[in-house]
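All remarks here apply to the structure that follows.
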Amino acid sequence: MSGSNTRWTLIITNWAAISPHPSCGWQASRIGSKFFSSEHRTTTCDYHQHTFKRFGTLISSIHRSVRKSYKTTELQWRWLHSEEKGGVSHLLFPLQTLSMRSDPLLLPLKWEQVGLGVRSISTQIVRNRMKSVRNIQKITKAMKMVAASKLRAIQVRAENSRGLWQPFTALLGDTPSVNVKKNVIVTISSDKGLCGGINSTSVKISRALHRINAGPDTECKYVILGEKGKAQLIRDSKKDIELIMTELQKNFLNYTQVSVLADDILKNVEFDALRIVFNKFQSVVSFLPTTATVLSPEIVERESEAGGKIGSLDSYEIEGGETKSEVLQNLAEFQFSCVMFNAVLENACSEQGARMSAMDSSSRNAGDMLDRLTLTYNRTRQASITTELIEIISGASALEG
Amino acid sequence: MFRQAAHRLFTRSTTTTTTTIRRLYSTEVATDASSGDAAFVEAWKKVAPNIDPPKTPIQFMEPRPPTPSTLPSKLTVNFVLPYAAELSKAEVDMVIVPATTGQMGILPGHVPTIAELKPGLLSVHEGNDVKKYFISSGFAFVHSNSYADILAVEAVPLDRIDPAQVQKGLSEFTQKLNSASTDLDKAEAQIGVDVHSALNSALTG
Numbered sequence: 008m009s010g011s012n013t014r015w016t017l018i019i020t021n022w023a024a025i026s027p028h029p030s031c032g033w034q035a036s037r038i039g040s041k042f043f044s045s046e047h048r049t050t051t052c053d054y055h056q057h058t059f060k061r062f063g064t065l066i067s068s069i070h071r072s073v074r075k076s077y078k079t080t081e082l083q084w085r086w087l088h089s090e091e092k093g094g095v096s097h098l099l100f101p102l103q104t105l106s107m108r109s110d111p112l113l114l115p116l117k118w119e120q121v122g123l124g125v126r127s128i129s130t131q132i133v134r135n136r137m138k139s140v141r142n143i144q145k146i147t148k149a150m151k152m153v154a155a156s157k158l159r160a161i162q163v164r165a166e167n168s169r170g171l172w173q174p175f176t177a178l179l180g181d182t183p184s185v186n187v188k189k190n191v192i193v194t195i196s197s198d199k200g201l202c203g204g205i206n207s208t209s210v211k212i213s214r215a216l217h218r219i220n221a222g223p224d225t226e227c228k229y230v231i232l233g234e235k236g237k238a239q240l241i242r243d244s245k246k247d248i249e250l251i252m253t254e255l256q257k258n259f260l261n262y263t264q265v266s267v268l269a270d271d272i273l274k275n276v277e278f279d280a281l282r283i284v285f286n287k288f289q290s291v292v293s294f295l296p297t298t299a300t301v302l303s304p305e306i307v308e309r310e311s312e313a314g315g316k317i318g319s320l321d322s323y324e325i326e327g328g329e330t331k332s333e334v335l336q337n338l339a340e341f342q343f344s345c346v347m348f349n350a351v352l353e354n355a356c357s358e359q360g361a362r363m364s365a366m367d368s369s370s371r372n373a374g375d376m377l378d379r380l381t382l383t384y385n386r387t388r389q390a391s392i393t394t395e396l397i398e399i400i401s402g403a404s405a406l407e408g
Numbered sequence: 296m297f298r299q300a301a302h303r304l305f306t307r308s309t310t311t312t313t314t315t316i317r318r319l320y321s322t323e324v325a326t327d328a329s330s331g332d333a334a335f336v337e338a339w340k341k342v343a344p345n346i347d348p349p350k351t352p353i354q355f356m357e358p359r360p361p362t363p364s365t366l367p368s369k370l371t372v373n374f375v376l377p378y379a380a381e382l383s384k385a386e387v388d389m390v391i392v393p394a395t396t397g398q399m400g401i402l403p404g405h406v407p408t409i410a411e412l413k414p415g416l417l418s419v420h421e422g423n424d425v426k427k428y429f430i431s432s433g434f435a436f437v438h439s440n441s442y443a444d445i446l447a448v449e450a451v452p453l454d455r456i457d458p459a460q461v462q463k464g465l466s467e468f469t470q471k472l473n474s475a476s477t478d479l480d481k482a483e484a485q486i487g488v489d490v491h492s493a494l495n496s497a498l499t500g
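Going line by line, the protein sequences match chains A and B. Just so we're aligned, residue 8 is where the first sequence starts under my numbering, counting upward by one. Just so we're aligned, residue 296 is where the second sequence starts under my numbering, counting upward by one.
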């Protein structure tokens with residue numbers, strides 16, 4: 008092998024780890040990213056002479072510091088055999104295992120910027136990433152617990168309020184396909200995020216209802232409850248939005264609050280039919296988008312004359328109030344507040360349930376990511392320890408030999 | 296084998312009367328138009344064919360029985376509040392509700408009525424027991440199939456009301472009524488007076 012025209016490139020990594028040895032005469036950092044090449048003899052027995060001749064004190068001092076510093080486990084050498092002529096074009100790069108280079112988890116860590124990294128820095132990177140993923144896992148687990156406890160509390164109230172809208176549907180029927188001039192879509196959404204897809208579902212349904220009902224002689228407006236619905240609908244339907252209300256759940260949800268809200272809507276928005284869009288809580292993993300329709304008293308009169316389910320309204324005696332229309336007006340307002348109360352509670356339940364399942368899948372993903380990172384970390388660590396051992400042993404045998 | 300089949304058929308016919316009734320799943324409960332309002336679903340499919348149409352409340356409700364031909368003996372009462380369903384399908388003899396036109400008694404076979412309620416005493420008569428509640432305003436529907444729905448915002452059993460507080464409230468609101476200046480204040484004070492005097496009469500009467 009001697010006499011062959013091979014170039015050796017000495018790649019020295021992790022300069023920072025080499026402690027400035029008094030005999031070295033140089034600071035590790037100053038060497039930086041230079042690379043060294045020369046034509047060398049390849050046999051180890053010639054190595055020493057050549058180093059002194061060609062590189063003078065530099066290589067020998069490196070070698071001496073290697074001997075002294077291989078007690079520090081931070082140092083890493085790598086000898087590369089290069090057949091190229093015309094200069095070695097290798098730049099210093101950190102020791103990496105092949106698997107680390109192609110590991111999708113670690114690709115975003117910009118290798119170029121790592122530069123003079125070595126085993127320690129690469130494992131450091133992986134360790135940092137593992138720490139952050141572990142923290143995320145803990146946070147999402149905690150959020151799931153919180154959502155579960157909030158769900159328990161609110162589920163009871165939502166189920167108790169289900170009896171409230173049933174008498175109205177029994178009396179007036181359910182007419183989502185009613186054709187009126189002034190439609191108002193009340194979209195109920197959550198204020199906080201990280202709750203899966205329920206807000207997007209509500210908005211999609213609202214938009215589709217808008218498309219069904221907005222025609223040449225009809226109009227369709229939005230009333231939005233909740234920040235997330237507002238953010239989505241304000242992008243393309245800004246001119247159709249009449250009223251926006253947020254921060255509903257800041258105080259404990261109760262009927263008084265919702266009836267004040269309903270009152271606000273009734274006062275400020277002209278409507279013939281109100282279509283309330285919300286997610287009905289069926290179970291912890293299932294939320295059904297639902298739309299409930301509340302008609303204004305005039306439309307109720309019109310529909311009762313037309314026949315159908317409401318047609319039997321005429322057969323009902325009206326007690327109380329001065330006129331029938333006054334009682335119907337009160338009835339419509341009461342119906343709206345009752346249906347709204349149930350809808351808001353059901354949507355809050357769905358929000359907590361969706362948040363639970365979203366956080367659960369997030370912690371599971373974090374766990375998977377952690378497993379893969381652990382494997383990578385162990386592989387890197389073991390490979391670098393093996394390489395270090397090889398260097399030490401070959402260095403030691405070179406000295407003896 | 297055929298002997299056993301015959302035996303099994305025989306035993307089955309005698310045991311049907313004694314088998315326990317299986318509780319139905321919610322999906323099996325017959326719903327009125329379980330596929331929703333057909334016209335609505337049609338219109339939806341035209342506009343948004345890829346999205347499932349939303350459900351409507353009628354799909355979540357058990358259908359009410361139709362009007363029976365003979366007079367039923369009992370009245371089925373649903374008394375609901377925003378926070379609870381006090382009575383759900385309770386079979387009673389009579390209910391007396393405080394309608395705005397006065398106390399109204401509802402018996403089985405009552406004509407269908409929509410009654411607006413004022414704050415007052417609601418009593419439910421079942422045999423010899425009478426349950427009394429003080430309700431805030433609400434609505435009462437009586438259907439032709441002898442179903443009565445009573446909706447109220449608040450309902451308190453009478454024994455939970457403190458007479459001393461009632462008197463205090465009454466005097467307070469009467470005072471406010473006398474000193475009220477704006478219409479809104481007057482209306483609020485009037486409401487307070489009405490409720491408290493109703494409470495008073497409910498406690499005494």
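The C-beta atom is built at its ideal place from N, Cα and C for all residues, glycine as well. Predicted model, so just to flag it, every value in this text is computed and none were measured.
DSSP state of residue i mapped onto helix, strand, coil
i	result
A:A339	helix
B:K413	coil
A:T393	helix
A:T225	coil
B:P393	strand
A:Y334	Correcting the residue identity first, residue 334 of chain A is Val in this sequence and not Tyr. Three-state result, A:V334: helix.
B:G400	strand
A:K188	coil
A:M252	strand
B:I430	strand
A:T130	helix
A:I143	helix
B:P358	coil
B:P452	strand
B:P352	helix
Short CB-CB distance (under 8 Å) between residue i and chain B
i	result
A:V336	This sequence places Gln at residue 336 of chain A; Val is not what is there. With 8 Å as the cut-off, A:Q336 does not count as an interface residue toward chain B.
A:Y384	no
A:F341	yes
Proximal residues of chain A, C-beta to C-beta of residue i below 8 Å
i	result
B:I346	K211, I212 and A215
B:T395	E326, G327 and G328
B:F335	P183 and S184
Beta carbon proximity, residue i to chain A, threshold 8 Å
i	result
B:V451	no
B:L446	yes
B:P407	yes
B:M356	yes
B:F436	yes
B:A482	no
B:D332	yes
B:I353	yes
B:I391	no
B:R504	Limits of chain B in this structure are 296 at one end and 500 at the other, which puts residue 504 of chain B out of reach.
Distance between beta carbons of residue j and residue i, contact taken as under 8 Å
i	j	result
A:M366	A:K151	4 Å
B:S441	B:T371	6 Å
A:F343	A:Y262	Not a contact, Cβ separation roughly 13 Å.
A:V187	A:A280	5 Å
B:L376	B:A450	6 Å
A:N167	B:A379	5 Å
8 Å Cβ cutoff, residue i in contact with chain C
i	result
A:R309	Of the protein chains in the structure, A and B, none is chain C.
Interface residues of chain B facing residue i [CB-CB closer than 8 Å]
i	result
A:R218	V342 and A343
A:E324	V406, P407, T408 and I409
Within chain A, partners of residue i - CB distance below 9 Å
i	result
B:K350	K287, L295, P296, T297 and T298
Proximal residues of chain A, C-beta to C-beta of residue i below 7 Å
i	result
B:A338	S184 and I219
B:F429	What B:F429 touches in chain A: nothing, since even the nearest Cβ is about 17 Å away.
Partners in chain B for residue i, counting only beta-carbon separations shorter than 7 Å
i	result
A:F348	P377
Check each residue of the region 361-383 of chain B: if its Cβ is closer than 7 Å to any Cβ of chain A, include it; give the result in chain order.
N373, V375, P377, Y378, A379, A380 and S383
Output, in sequence order along the chain, the residues in the region 353-381 of chain A whose CB is closer than 7 Å to any CB in chain B.
none
Using a Cβ-Cβ cutoff of 9 Å, what residues of the region 161-183 of chain A are near chain B? List them in chain order.
R164, N167, S168, R169, G170, L171, W172, Q173, P174, F175, T176, A177, L178, G180, D181, T182 and P183
Counting only Cβ-Cβ distances shorter than 8 Å, please list the residues of the region 271-300 of chain A near chain B, keeping chain order.
V284, K287, L295, P296, T297, T298, A299 and T300
So if I threshold CB-CB distances at 8 Å, which residues from the region 222-246 of chain A count as touching chain B?
none
Could you run through the region 474-500 of chain B and flag, in chain order, every residue whose CB is less than 7 Å away from some CB of chain A?
none
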